[in-house]
Amino acid sequence: MIDRQRAVFTQHNNVIGNINVMFAIKELAPDCHLVKLGTMGEYGTPNIDIEEGFITINHNGRTDTLPYPKQARAFYHLSKIHDSHNIHFATKAWKLAATDLNQGVVYGVRTEETVADPLLINRYDYDGIFGTALNRFVVQAAVGHPLTVYGKGGQTRGFLDIRDTVRCIQIAIDNPANKGEFRVFNQFTEQFSVNQLAEIVTKESKKLGLDVQVTSVPNPRVEAEEHYYNAKCSKLQDLGLEPHLLQESMIDSLLEFVIEYKDRVKLELIKPAVDWRKAGVKVNTMGAAVASN
Ligand SMILES: O=c1ccn([C@@H]2O[C@H](COP(=O)(O)OP(=O)(O)O[C@H]3O[C@H](CS(=O)(=O)O)[C@@H](O)[C@H](O)[C@H]3O)[C@@H](O)[C@H]2O)c(=O)[nH]1
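For the sequence shown, UniProt numbering begins at 1 and goes up steadily by one.
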């Protein structure tokens, strides 16, 4: 949502890259199972329950099970919708076996594998473009910046721990789709509104002696700020996913991690710099900050 070049790059990179992979499978490894990372953002925020990929509809006396309606909030989410349609078509046309993982908002930074050595540490984004809500709030709490709730804060999404992200992909690979099957899993474990996230971070930060304020900033995005949201996410748990839940340990371990590295935080990256109603704005990310030094 930054400008034309980046919208074109995002769609070209994602959509064409995915088509190339599909053709490579068709021509070189037709029995290969494609596991594709998509997004819960494909569904948008409809005023009915969100199913896992498909919905059964009765219309004028007839019934069919159809792809769940897609309502993207960004060109990025639209690229994932195009991917889903292209993959669905390939499962029918070439009998490709495919799993589309519709992932929610990821939080956390460490997995079992990355804690093996500090050199394996993940990148931690907290800027307004790549940083996700909870990871941003944790950094803000650690450095004494008010938590930046966009608008009314009723925006509700599905969230998951980064350790569950890795596990979900493993589960999809270990339990492949059938040939010709387009399988969709909603990959998240819990739903929260932005206000609930801010409350949780405030509460957990207090336990570590941090004084956290919450502020409402004008929403830079175009999205519903109060809405119904009830998305299904049972298929991965049916296959063995045991979720790490947010309240249990994540905030403490994530907060401690961020506090350890807080001297590296560039405060100027926290403010949202991209207004989705405009185009051609300054890019304010860690990558841009490093490049300009
Ligand atoms: O400082 C902030 C940052 C975000 N938000 C709000 O938190 C919600 C989630 O935003 P986000 O930046 O954490 O996540 P999002 O932009 O939706 O994107 C992330 O989550 C998507 C899943 S979902 O949100 O579409 O379900 C994935 O597709 C993306 O790859 C991933 O970056 C939004 O309503 C946003 O307005 C705030 O209120 N304050």
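Positions of the beta carbon are idealized from the N, C-alpha and C atoms, including for glycine.
Open item on the list: Using a 10 Å radius around the Cβ and a threshold of 16 neighbouring Cβ atoms, would you call glutamate 260 buried or exposed?
Closed with: The sequence position of residue 260 within the sequence shown is 260, counting from 1. Counting Cβ neighbours within 10 Å, glutamate 260 comes out exposed, since fewer than 16 surround it.
- [ ] Let me know the secondary structure DSSP gives alanine 116 once reduced to three states.
- [x] Your numbering for residue 116 matches position 116 in the sequence shown. Helix at alanine 116.
Task: Distance CB(leucine 120)-CB(valine 212) smaller than 8 Å - done: Numbered from 1 along the sequence shown, position 120 holds the residue referred to as residue 120. Numbered from 1 along the sequence shown, position 212 holds the residue referred to as residue 212. In this structure, valine 212 does not lie closer than 8 Å to leucine 120 by Cβ.
Open item on the list: Under 8 Å: do the region 67 to 84 and the region 42 to 53 share three or more Cβ pairs, one atom per stretch?
Closed with: Judged by Cβ distances under 8 Å, the region 67 to 84 makes contact with the region 42 to 53, as three or more pairs qualify.
Task: C-alpha gap between lysine 235 and aspartate 100, whole angstroms - done: The residue you call residue 235 lines up with position 235 of the sequence shown. The residue you call residue 100 lines up with position 100 of the sequence shown. Lysine 235 and aspartate 100: Cα-Cα distance of roughly 12 Å.
- [ ] Within 10 angstroms of the Cβ of lysine 80, are there 16 or more other Cβ atoms? Answer buried if so, exposed if not.
- [x] Position 80 of the sequence shown, counted from the start, is the residue given in the question as residue 80. Buried, by the Cβ-count rule.
Open item on the list: Taking 6 Å as the limit between beta carbons, can you name the residues of its chain near leucine 239, skipping five residues before and five after?
Closed with: Within the sequence shown, residue 239 is the residue found at index 239, counting from 1. Cβ neighbours of leucine 239 beyond the five flanking positions: Ile171, Asn175.
- [ ] Could you tell me whether the Cβ atoms of residue 321 and arginine 157 are closer together than 8 Å?
- [x] One cannot answer for residue 321 here, as it falls past the ends of the chain, which runs 1 to 293.
TODO: Check whether the region 258 to 275 touches the region 125 to 135, taking contact to mean three or more Cβ pairs, one atom from each stretch, closer than 8 Å.
DONE: yes
TODO: Note the first and the last residue of the continuous beta strand (DSSP E) segment covering lysine 36.
DONE: If you number the sequence shown from 1, residue 36 lands on position 36. 33 to 39 is the span of the beta strand (DSSP E), which, as asked, contains lysine 36.
Open item on the list: Any heavy atom of ligand 1 closer than 7 Å to the beta-carbon of methionine 40?
Closed with: Locating residue 40 in the sequence shown gives position 40, where the first residue counts as 1. Correct: methionine 40 has its Cβ closer than 7 Å to ligand 1.
TODO: Reducing DSSP to helix, strand and coil, say where arginine 183 ends up.
DONE: In the sequence shown, counting from the first residue as 1, residue 183 sits at position 183. Arginine 183: strand per DSSP, three-state reduction.
- [ ] Determine, using beta carbons only, whether lysine 95 and lysine 179 come nearer to each other than 8 Å.
- [x] In the sequence shown, residue 95 corresponds to position 95, counting from 1. In the sequence shown, residue 179 corresponds to position 179, counting from 1. The answer is yes: Cβ separation under 8 Å.
Open item on the list: Could you tell me which whole beta strand (DSSP E) segments of length 3 or greater appear in the region 128 to 213?
Closed with: 147 to 150, 156 to 161, 182 to 187, 190 to 193
- [ ] Tell me whether leucine 28 is buried or exposed, calling it buried when 16 or more other Cβ atoms sit within 10 Å of its Cβ.
- [x] Sequence index remark: in the sequence shown, residue 28 carries index 28 (1-based). Under this definition leucine 28 is an exposed residue.
Task: Which of helix, strand or coil DSSP assigns to tyrosine 107 - done: Indexing the sequence shown from 1 puts residue 107 at position 107. Here tyrosine 107 sits in strand by DSSP.
Task: Close-in-space but distant-in-sequence residues of the same chain around lysine 152 (CB under 7 Å, 5 per side omitted) - done: Taking the sequence shown and counting its residues from 1, the one referred to as residue 152 is at position 152. Hits under 7 Å: Glu225, Glu226.
- [ ] Run the proximity test for histidine 77: is its beta-carbon closer than 7 Å to any non-hydrogen atom belonging to ligand 1?
- [x] Position 77 of the sequence shown, counting from 1, holds the residue named residue 77. Within the cutoff, so yes.
TODO: Report the three-state DSSP secondary structure of residue 300 (helix, strand or coil).
DONE: The structure shown does not extend to residue 300, since the chain spans only 1 to 293, so no value can be given for it.
Task: Given 8 Å, three or more beta-carbon pairs between the region 130 to 142 and the region 195 to 205 - done: Contact annotation: the region 130 to 142 touches the region 195 to 205, with at least three C-beta pairs closer than 8 Å.
Open item on the list: Tell me the rounded alpha-carbon separation between residue 306 and glycine 108.
Closed with: No statement about residue 306 is possible, as the shown extent of the chain runs from 1 to 293 and does not include it.
Open item on the list: According to DSSP, simplified to helix, strand and coil, what is asparagine 102?
Closed with: Counted from its first residue, the sequence shown places residue 102 at position 102. In the structure shown, asparagine 102 sits in a strand (DSSP, three-state: E or B).
Open item on the list: Quick check on this structure: which residue in Glu190, Val274, Phe185 has the alpha carbon closest to the alpha carbon of proline 67?
Closed with: Position 67 of the sequence shown, counted from the first residue, corresponds to residue 67. Per the Cα distances, Phe185.
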